[in-house]
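Q: Can you keep this structure in mind? I'll have questions shortly.
Protein chains: 2
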Amino acid sequence: MPSVHELDVTFRASRRVCRIRVGSGALDRLVADLAAEPPGRLLVVVSDSNVAPLHAEPLARRLRDIAGLRVETLTFPAGERHKSRETKAALEDRLAELGAGRDTALVAVGGGVTGDLAGFVAATWNRGVPLVQVPTTVVAMVDAAVGGKTAVNLGRVKNRIGAFHQPWGVYADVALLDTLPAAEYRDGLSEVVKSAVIGDVALFRWLERTHPALAAREPEAETAAVAGALSVKTRVVARDERETGRRAVLNFGHTVAHAIEAASEYGVSHGRAVAIGMSVEGELARGATGFPEAHLRRLRALLVALGLPVALDRGIDAAALLRAARGDKKNRGGELRFALPSRLGRMATRDGTTVALEERALSAAFERAGVD
Amino acid sequence: MPSVHELDVTFRASRRVCRIRVGSGALDRLVADLAAEPPGRLLVVVSDSNVAPLHAEPLARRLRDIAGLRVETLTFPAGERHKSRETKAALEDRLAELGAGRDTALVAVGGGVTGDLAGFVAATWNRGVPLVQVPTTVVAMVDAAVGGKTAVNLGRVKNRIGAFHQPWGVYADVALLDTLPAAEYRDGLSEVVKSAVIGDVALFRWLERTHPALAAREPEAETAAVAGALSVKTRVVARDERETGRRAVLNFGHTVAHAIEAASEYGVSHGRAVAIGMSVEGELARGATGFPEAHLRRLRALLVALGLPVALDRGIDAAALLRAARGDKKNRGGELRFALPSRLGRMATRDGTTVALEERALSAAFERAGVD
């Protein structure tokens, strides 16, 4: 029998509630919830050209059976470069053609690009219409779909233009992961590891024990991993709906990851960059916060066991990484700042502050992590 | 000595504060406040091509004297048709060229178009940067600049794409009204009358006594009128930051006004349309809420005294108005809905509900208000 975890989050400041359903059968719950309490009379299912035939069209067909609802589908070309103002405008023009007014809700079916893009359309259509997130990748399930961040890129700057818009609901059905390519699936697990490091040592231990089941893509293991990672994230965002500071803990591994992505011109995937980033920043944490060497070894061993890298395997030099790190928008006043753990499951910096380090500490960590 | 009223509003749900300063000398306060507590290290002053030389450039020159701040100006072509996605994109491209990051604040200097457009840019740049509103028209001072509504138009649909983004501050300096053409000044007073009708009978009586000073554009009278109208608006929006219902009272006169604007293809100005709208909806209120006939007479007399119309003076027929009213996006399920007063200073519908009326009631009111 399919088990569906309920992880609803109530935002502390606004008291708004976002319903979160995780597991095999979450899509059935979505259909039932939309039938019982539709957030709009027109539902517009948005997906990219890859996901449309696999998941969006079948979902739209099921939703069309709900009495009183009109269901339309919109598709845009797959790929990060289509997360743009131009794609947003094209979707808006189509909404206008459909006669979509305030009584419209958007259903984003896909990975992070779809969630961010359709989410931003929903955030600004009539100054905000309800949004349902149906993530179809591991990263989108454990990270992108929850928290309300929506955006498009501008030129080379990711997420330059966007808004906070909390979804009406997030329905993460691990059955949708079956169509995900192996590399993308594995990459997504690095965000699960990150969640464990920053906030749940029991989840970390479970990952150490259960990674073969995850690698075998067993639904129960997938459900437990996604639900565990999401619990950490919802705890953080509930207290910091609009990213005023506390959300900084979510950036463990990400300062270095963003530098790797930028320096490689996005030739290294986000998930692999985050894995290497955690390895490097774990090294930094050893000196800066007393993160135990044994914990760093366990972190790297888990990443390797999951098929993720802990060192760069291509020709990006430390100087280019440092330049990219310096340009990171999270750095204030030119300092290099990091969100670092003090041990597995616990961050040194939970009050929104970050650790400022000199560049030579970072170059030393790059060296020790196999970047020359 | 210039007097500056302080009307800071604290939003009930989010606890956010928006500082509001009204009067001659409000601009001096803005310069002092930005020097003491700058909301960004880069200030970008946005205005249209009319207002840029009159008010935006002089303000930018003053702000450049503040140590540690970089000040840039952006200008777009004047006119409602430039309140568009294209103008927003052009402003964003310029922000990117200026290297504007999270540490940027926008200063919107102008009327409603500038406030809505620059406000929407601020709402979405890096998912939201601080916004200072410096309204230069009566309508913008008493209505558009306060409440956090930002948007652009899409095709013929006004404000189709936008966001809620509460400003860091609103600085309404009545000295800026000196450059406003007489017709535009007079039109703006209809929103002051609306504020009095929906929430402040003392303001209404004051307007009945003091309208000659307003017509003569005496700064003390202007300050009192703007501050009075703003007090009504801030009381409403503080309880309904994201327009979930209670803000409906602000729509008195506006259901009919929007129909007049649409049916005339915006040949009738918003202020004049609102004046006629209040006259027609006042007539409706007589039957629907017991709005006293004597109050309706006083309302019409005040509008006439301020040089505003109470009946249509051009060839728009009632059938076209009804068609336009039917299309109003505030109508739910095809009914005609109105926010109506029960007497001067008091709305019949303060809990967010509106009064549903049959179309023939509206046609009768059109007739009695001189529309045939």
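These protein sequences, in sequence, are chains A and B.
Per this note's numbering, the first sequence starts with residue 8, numbered consecutively.
Per this note's numbering, the second sequence starts with residue 8, numbered consecutively.
Backbone N, C-alpha and C define an ideal beta-carbon position, used for all residues, glycine too.
Give the secondary structure of Pro299 of chain A by DSSP, where H, G and I count as helix, E and B as strand, and everything else as coil.
A: One-based indexing of the first sequence puts residue 299 of chain A at position 292. Here Pro299 of chain A sits in coil by DSSP.
Q: Whole angstroms are fine: how far does the CA of Arg68 of chain B sit from the CA of Thr296 of chain A?
A: Locating residue 296 of chain A in the first sequence gives position 289, where the first residue counts as 1. Locating residue 68 of chain B in the second sequence gives position 61, where the first residue counts as 1. Distance between the alpha carbons of Thr296 of chain A and Arg68 of chain B: 47 Å.
Q: Please confirm whether Ile323 of chain B and Ala236 of chain B have their CB atoms less than 9 Å apart.
A: The count along the second sequence starts at 1 and reaches residue 323 of chain B at position 316. The count along the second sequence starts at 1 and reaches residue 236 of chain B at position 229. Not closer than 9 Å, so no.
Q: Short of 6 Å in beta carbon distance, which residues of its chain neighbour Ala376 of chain A, apart from the five on each side in sequence? Order them along the chain.
A: Here residue 376 of chain A corresponds to residue number 369 of the first sequence, with the count starting at 1. So the qualifying residues of the chain are Ser286, Val287, Glu290, Ala318.
Q: By the three-class DSSP mapping on this structure, what secondary structure does Ala115 of chain A have?
A: Indexing the first sequence from 1 puts residue 115 of chain A at position 108. If DSSP states are grouped into helix, strand and coil, Ala115 of chain A belongs with the strands.
Q: Is it true that the CB of Gly119 of chain B sits closer than 9 Å to the CB of Val146 of chain B?
A: If you number the second sequence from 1, residue 146 of chain B lands on position 139. If you number the second sequence from 1, residue 119 of chain B lands on position 112. Result yes, Cβ atoms of Val146 of chain B and Gly119 of chain B sit closer than 9 Å.
Q: Spell out whether any CB of chain B is found under 9 Å from the CB atom of Glu99 of chain A.
A: On the first sequence, residue 99 of chain A is found 92 positions in, with the first residue counted as 1. Glu99 of chain A counts as touching chain B.
Q: My assumption, with CB atoms under 8 Å, is that Arg28 of chain B sits in contact with Val11 of chain B. Please give the rounded CB distance.
A: Taking the second sequence and counting its residues from 1, the one referred to as residue 28 of chain B is at position 21. Taking the second sequence and counting its residues from 1, the one referred to as residue 11 of chain B is at position 4. Sure, about 5 Å apart at Cβ, within 8 Å.
Q: Counting C-beta neighbours from all protein chains within 10 Å, is the total for Arg339 of chain B 16 or more, i.e. buried, or is it exposed?
A: Position 332 of the second sequence, counted from the first residue, corresponds to residue 339 of chain B. Caution applies to Arg339 of chain B, whose pLDDT of 48 falls short of 50 and renders its modelled position unreliable; the value that the coordinates give is listed next. By the neighbour-count rule (16 or more Cβ atoms within 10 Å), Arg339 of chain B is not buried but exposed.
Q: With the cut-off set at 9 Å, would you say Leu81 of chain B and Ser54 of chain B are in Cβ contact?
A: Taking the first residue of the second sequence as position 1, residue 81 of chain B is located at position 74. Taking the first residue of the second sequence as position 1, residue 54 of chain B is located at position 47. Yes. Within cutoff.
Q: Determine the burial state of Val6 of chain B: buried for a count of at least 16 other Cβ atoms within 10 Å of its Cβ, exposed for fewer.
A: The shown model of chain B, from 8 to 379, leaves out residue 6 of chain B, and the question about it has no answer.
Q: Could you list which residues in chain A have their beta carbon closer than 8 Å to that of Phe171 of chain B, in chain order?
A: Locating residue 171 of chain B in the second sequence gives position 164, counting from the first residue. Those within 8 Å of Phe171 of chain B in chain A are Arg134, Gly135.
Q: For Arg279 of chain A, does the count of other Cβ atoms within 10 angstroms reach 16, so buried, or fall short, so exposed?
A: In the first sequence, counting from the first residue as 1, residue 279 of chain A sits at position 272. It is buried - the Cβ of Arg279 of chain A has at least 16 other Cβ atoms within 10 Å.
Q: In chain A, which residues lie with their C-beta within 7 Å of the C-beta of Thr361 of chain B?
A: Position 354 of the second sequence, counted from the start, is the residue given in the question as residue 361 of chain B. In chain order: nothing, as chain A lies at least about 14 Å away.
Q: Taking Lys240 of chain A as part of the alpha helix (DSSP H), name the residues at either end of that continuous run.
A: Counting from one through the first sequence, the residue named residue 240 of chain A turns up at place 233. Segment 226–246, the alpha helix (DSSP H) holding Lys240 of chain A.
Q: Just to confirm my understanding: we take Ala59 of chain A, look at its own chain, exclude 5 residues before and 5 after, and list those with CB closer than 6 Å. What are they?
A: In the first sequence, residue 59 of chain A corresponds to position 52, counting from 1. Excluding sequence neighbours, Ala59 of chain A sits near Thr82.
Q: Look up Arg77 of chain B in the DSSP assignment and say whether it is helix, strand or coil.
A: For this step, residue 77 of chain B is matched to residue 70 along the second sequence. The answer is strand: DSSP assigns Arg77 of chain B an E or B state.
Q: Check whether the Cβ atoms of Ala232 of chain A and Val149 of chain A sit closer than 9 Å, and answer yes or no.
A: Numbered from 1 along the first sequence, position 225 holds the residue referred to as residue 232 of chain A. Numbered from 1 along the first sequence, position 142 holds the residue referred to as residue 149 of chain A. Against a cut-off of 9 Å, the Cβ pair of Val149 of chain A and Ala232 of chain A comes out as a contact.
Q: Return the chain-ordered list of same chain residues with a C-beta closer than 7 Å to the C-beta of His172 of chain B, the five sequence neighbours on each side being excluded.
A: In the second sequence, the residue the question calls residue 172 of chain B occupies position 165. Same-chain partners within the cutoff: Gly126, Ala129, Ala130, Gly135, Leu138, Gly155, Thr157.
Q: For Glu44 of chain A, would you say it is in contact with chain B, using Cβ-to-Cβ distances shorter than 9 Å as the test?
A: Residue 44 of chain A sits at position 37 when you count from the first residue of the first sequence. By this cut-off, Glu44 of chain A is not an interface position.
Q: Name the chain B residues that come within less than 7 Å of Arg254 of chain A, Cβ to Cβ?
A: Working through the first sequence from its first residue, we reach residue 254 of chain A at position 247. Simply none; closest approach about 12 Å.
Q: Which chain B residues sit within Cβ distance under 7 Å of Thr131 of chain A?
A: On the first sequence, position 124 is the one that residue 131 of chain A refers to. Chain B residues near Thr131 of chain A: Ile168, Gly169, Ala170.
Q: Per DSSP, what are the beta-bridge partners of Glu13 of chain A in this structure?
A: Within the first sequence, residue 13 of chain A is the residue found at index 6, counting from 1. Paired residue(s): A:Arg28.
Q: Where does Thr157 of chain B fall in DSSP's three states?
A: By one-based count along the second sequence, residue 157 of chain B stands at place 150. Reduced to three states, the DSSP call for Thr157 of chain B is strand.
Q: Give a yes or no on whether the minimum CB-CB distance between Val157 of chain B and chain A is below 9 Å.
A: For this step, residue 157 of chain B is matched to residue 150 along the second sequence. The question names Val, but residue 157 of chain B in the sequence shown is Thr. With 9 Å as the cut-off, Thr157 of chain B counts as an interface residue toward chain A.
Q: Quick check on the DSSP output: the beta strand (DSSP E) that includes Ile168 of chain B runs from which residue to which?
A: For the purposes of this step, residue 168 of chain B is identified with residue 161 of the second sequence, where counting begins at 1. Where Ile168 of chain B is concerned, the enclosing beta strand (DSSP E) stretches over 164–171.
Q: Would you list, in chain order, the members of the region 67–92 of chain B that have their beta-carbon closer than 9 Å to a beta-carbon of chain A?
A: The residues in question are Arg92.
Q: Return the bridge partner residues of Thr94 of chain B from the DSSP annotation.
A: Counting from one through the second sequence, the residue named residue 94 of chain B turns up at place 87. Paired residue(s): none; Thr94 of chain B is not in a bridge.
Q: Answer with buried or exposed for Asp194 of chain A, where buried requires no fewer than 16 other C-beta atoms within 10 angstroms of its C-beta.
A: Position 187 of the first sequence holds residue 194 of chain A. The residue in question, Asp194 of chain A, is buried, as its Cβ has 16 or more Cβ neighbours within 10 Å.
Q: Determine which residues of the region 255–269 of chain B have a Cβ less than 9 Å from any Cβ of chain A, and write them out in chain order.
A: Listed in sequence order: no entries.
Q: If we count the other Cβ atoms within 10 Å of its Cβ and call it buried at 16 or more, is Ala442 of chain A buried or exposed?
A: The structure shown does not extend to residue 442 of chain A, since chain A is modelled only from 8 through 379, so no value can be given for it.
Q: According to DSSP, Met354 of chain A sits in a beta bridge with which residue or residues?
A: As a first step, residue 354 of chain A is located in the first sequence; it is residue number 347 there, counting from the start. Per DSSP, A:Pro348.
Q: If we cut at 9 Å on Cβ distances, does Gly162 of chain A have a partner in chain B?
A: If you number the first sequence from 1, residue 162 of chain A lands on position 155. It does: the Cβ of Gly162 of chain A has a partner Cβ on chain B nearer than 9 Å.
Q: Which chain B residues sit within Cβ distance under 7 Å of Ala301 of chain A?
A: The sequence position of residue 301 of chain A within the first sequence is 294, counting from 1. Residues of chain B passing the Cβ test: none, with the nearest at roughly 38 Å.
Q: Should Val200 of chain A be labelled buried (16 or more other beta-carbon atoms within 10 Å of its own) or exposed?
A: By 1-based counting over the first sequence, the position of residue 200 of chain A is 193. Buried, because 16 or more other Cβ atoms sit within 10 Å of the Cβ of Val200 of chain A.
Q: Identify every residue that forms a DSSP beta bridge with Pro219 of chain A.
A: Counting from 1 along the first sequence, the entry for residue 219 of chain A is found at position 212. Answer is none; Pro219 of chain A lacks a bridge partner.
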